[in-house]
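Below is one structure, written out as structure tokens; comments come after it.
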């Protein structure tokens, strides 16, 4: 195997319409940090930075002494770089895609299928479901991050059914009554919740657009009169409606938890968990897939039947959606975000100002390292030469290789690292 097993990457940027604009975007700031010559257009959205080998955004290798031009090509040539366990478990592919997201307007309400459903959907509708893999994902807030995630506790949904007549009209009296009488019986509650949500999602367009316009008008008037509109979740409603007028997704705020992550807090989204990101910047890691079943706040294909069938109808509090991180017992600088799936783990590495030399420990998996703050010279026996790492710098590290950082910044360093700990 070729000597070089640690090298810097230039990563793909996705300019989706929901991204933050120009240098307001954390993605754009990281791009400029990693490459001072990069041109950022002031009026263009910079939504996602993709760090990985996904065919829709394969990272470029930033070292012209390496024959391969992309990370995907390089891994195909040297699959041993993944680590033997990872290589065998994931058929010689890098199992994760690491990202930074800068969200300005809401992303669609969506859920990702489990492996079984993904295989079925891909076989039946390859144009909508491009691969047969599951797509668990984790978001770690860089700035205060807002999203919708999972079904609310039933009493909250019943409260909205009572306080928001327009919402009650879409769910219908029967389904609402069934939900009310199911309280205390988990199985019946799940069934009733599914019935309520399916009823709303299956409404005829004219019906829900009329109800939505009615609701928006009422909340706007109440707000203008100085009334408290929180019993109708007024602020969020008006915000989403201004972004997606006439969209059924505006009503989903009465079903789904509104979750706010402070920087460093995380949210794990397993299979079939309904979610939508609303605003903020985050690190995201996911299994390498593009399978998304959408439900609203989108102009893309909505697959109501598949979505309503697949969702996890287990009500839970917003606070239970925050995924706990743990400090690494072997390294006080490392915080682990280790989800219940084998595809990926994320580590936050916080090097304090007092530490000038820090070793990024080797793991039995290929990993990708991103600098969020600080400057260092990175050295490794597996690199051609020293690599200067600044904010936005991305480094690919093969399995079982360590990297020494000589920290230059006065205030220490913050990095994130993605790998697969089987």
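Residue numbers (my numbering): 30 to 451.
C-beta atoms are modelled at their ideal positions from N, C-alpha and C, and glycine is treated no differently.
Note that this is a predicted model, so its numbers are computed, not measured.
- The alpha-carbon of residue 334 is positioned some 44 Å away from that of residue 420.
- Between residue 436 and residue 385 the beta-carbon gap is near 5 Å, inside 8 Å, which marks them as a contact.
- Within the region 283-371, the runs of alpha helix (DSSP H) that reach at least 4 residues and sit entirely inside it are, in chain order, 333-339.
- Within the same chain, and ignoring the five residues on either side of residue 118 in sequence, the residues whose Cβ sits closer than 7 Å to its Cβ are 371 and 451.
- Beta-carbon to beta-carbon, residue 244 and residue 276 are separated by about 13 Å, too far to satisfy the 8 Å threshold.
- Assignment of beta-bridge partners to residue 79 by DSSP yields 41 and 128.
- Spanning the alpha carbons of residue 167 and residue 355 requires a straight line of approximately 15 Å.
- In the DSSP assignment, residue 156 falls outside any alpha helix (DSSP H) and carries neither an H nor an E.
- The residues 426, 446, 447 and 448, in chain order, have a CB closer than 7 Å to that of residue 396 in the same chain once the five nearest residues on each side in sequence are set aside.
- Between the region 292-301 and the region 126-143 there are three or more inter-stretch CB-CB distances shorter than 8 Å, so the stretches are counted as touching.
- DSSP, read as helix, strand or coil, puts residue 49 in strand.
- According to the DSSP secondary-structure assignment, residue 436 is paired through a beta bridge with 405.
- The beta-bridge partner set that DSSP reports for residue 230 is empty.
- In the displayed model, residue 240 falls within a helix according to three-state DSSP.
- In the three-state reduction of the DSSP assignment, residue 431 falls in the coil class, being assigned neither a helical nor a strand state.
- A check of alpha carbon separations from residue 306 across 84, 130 and 403 identifies 130 as the nearest.
- 7 Å or more divides the Cβ of residue 366 from the Cβ of residue 132.
- Burial is judged here by how many other beta carbons sit within 10 angstroms of a residue's own beta carbon; residue 250 has fewer than 16 and is exposed.
- DSSP places residue 74 in the strand class (E or B) of the three-state scheme.
- Beta-bridge partners of residue 168 (DSSP): 296 and 313.
- Excluding five sequence positions before and after residue 91, the CB atoms of its chain that fall closer than 8 Å to its own CB belong to 36, 37, 38 and 39, given in chain order.
- If you look at residue 180, you'll find it in the beta strand (DSSP E) that goes 174-180.
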